[in-house]
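According to my numbering, the residues represented by the sequence shown are -6 to 75, in order.
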Amino acid sequence: MMKSMMRWVLMAVATALSAGTASAAESLSKDLTSTIALLGLPCGQVVTAQRVAEDDYLVTCKDKNRYRVYVNAKGRVVAEKR
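Laid out in structure tokens, this is it:
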């Protein structure tokens, strides 16, 4: 269940990016913040997010933590500390 929930969150992030509005950027930030929290990592709030590729983002958190959030080859959402 957790796997499908994280996949859904990342799909919502991709949808928000394709909308191209200011609220989409805000939605992306909230979705990535939720994804990182679901993975049990410290963040607080995502303040910047840069799309690297489809389903692949570099994010900076309010607490200065930086992560790469992406979907791996097995279809799982992963956040790696940078």
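Note that the Cβ used here is the ideal one computed from N, Cα and C, for glycine as well.
It should be emphasised that the depicted structure is a prediction, and the values quoted were computed from it without experimental measurement.
Neighbourhood of residue i by C-beta, 7 Å cutoff - its chain only, sequence neighbours within 5 removed
{"i": "Cys54", "result": "Cys36, Gly37, Gln38, Val39, Val40"}
{"i": "Asp56", "result": "Pro35, Cys36, Gly37"}
{"i": "Val45", "result": "Leu51"}
Cα-Cα separation between residue i and residue j, rounded to whole angstroms
{"i": "Asn58", "j": "Lys74", "result": "7 Å"}
{"i": "Glu47", "j": "Leu32", "result": "20 Å"}
{"i": "Ser16", "j": "Ala42", "result": "14 Å"}
{"i": "Asp80", "j": "Leu25", "result": "Beyond the ends of the chain as shown, which are -6 and 75, falls residue 80; an answer cannot be given."}
{"i": "Leu51", "j": "Leu3", "result": "13 Å"}
{"i": "Ile29", "j": "Val62", "result": "8 Å"}
{"i": "Leu21", "j": "Arg69", "result": "18 Å"}
{"i": "Trp1", "j": "Lys23", "result": "14 Å"}
{"i": "Glu19", "j": "Ala72", "result": "19 Å"}
Bridge partner(s) assigned by DSSP for residue i
{"i": "Val2", "result": "Bridge partners of Val2: none, in fact."}
Contacts around residue i, its chain only, beta-carbon distance under 6 Å, and the 5 residues preceding and following it disregarded
{"i": "Lys67", "result": "none"}
Task: Ordered list of alpha helix (DSSP H) runs contained in the region 5 to 67, each at least 4 residues - done: 15 to 31
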